[in-house]
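Note sheet for the following structure.
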Amino acid sequence: MASLATLSILDRDDAPAQAPAPRITPEQRAALTHLRMSAMACRVAARTDLYEACALLSLDGEDAKRTFVDTLIKCLPNAVQRKVVWFAPGTDTLSFDEAWILRCLTSIREDDPASLNFLIKSRVAPADRRYIGYLLGQISEQFSQV
């Protein structure tokens, strides 16, 4: 067993103030900023039933991107059965939820269904997995550069 004398302790000057910001591409940063802006706008909106929302989604034009993002943001807290943390646009730090969404979008873009399946199963309630996967797929298609 190590004694206290042998344990290394960081000086306060050497300790990082916060965890280093994760490395994300400019395209991922743009998608994240769009998601964060939508999350700010959706904060006061009523929660939406996931099944009904997916059935009503428009697939046409520029409205599609906004519609899919807004639906994901409104429905995700119920699907993961807890509050989703969104940081303000421009913040370098990612919340766990934001990092999870970016990993899902990256898995879709890289055509890695095993990783996407793992990510969705690890957080989303079984009844909501298909719908959240659908929304993430549509968002990834809208942000084809992510």
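Here my numbering is used: the first residue of the sequence shown is 60, the next is one more, and so on. No residue lacks a Cβ here, since even glycine has one placed at the ideal position from N, Cα and C.
Exposure label - residue i; buried when at least 16 CB within 10 Å
i: residue 155; result: exposed
i: residue 169; result: exposed
i: residue 202; result: buried
Own chain partners of residue i with C-beta closer than 6 Å, once the 5 adjacent residues on each side are dropped
i: residue 182; result: 139
Cutoff 8 Å; reference residue i; Cβ partners in own chain excluding five residues on either side
i: residue 142; result: 136
7 Å Cβ shell around residue i - same chain, five flanking residues per side excluded
i: residue 96; result: 148
i: residue 128; result: 93, 94, 97, 198
i: residue 99; result: none
Anticipated Cβ contact below 8 Å, residue i with residue j, distance rounded
i: residue 131; j: residue 194; result: 4 Å
i: residue 240; j: residue 164; result: In the structure as shown, the chain starts at 60 and stops at 205, and residue 240 therefore has no counterpart that could be examined.
i: residue 179; j: residue 191; result: 6 Å
Mind pulling the alpha helix (DSSP H) runs of 4 or more residues that sit fully within the stretch 145 to 198?
Entirely contained in the stretch 145 to 198, the alpha helix (DSSP H) runs reaching 4 residues are, in chain order, 155 to 168, 172 to 182.
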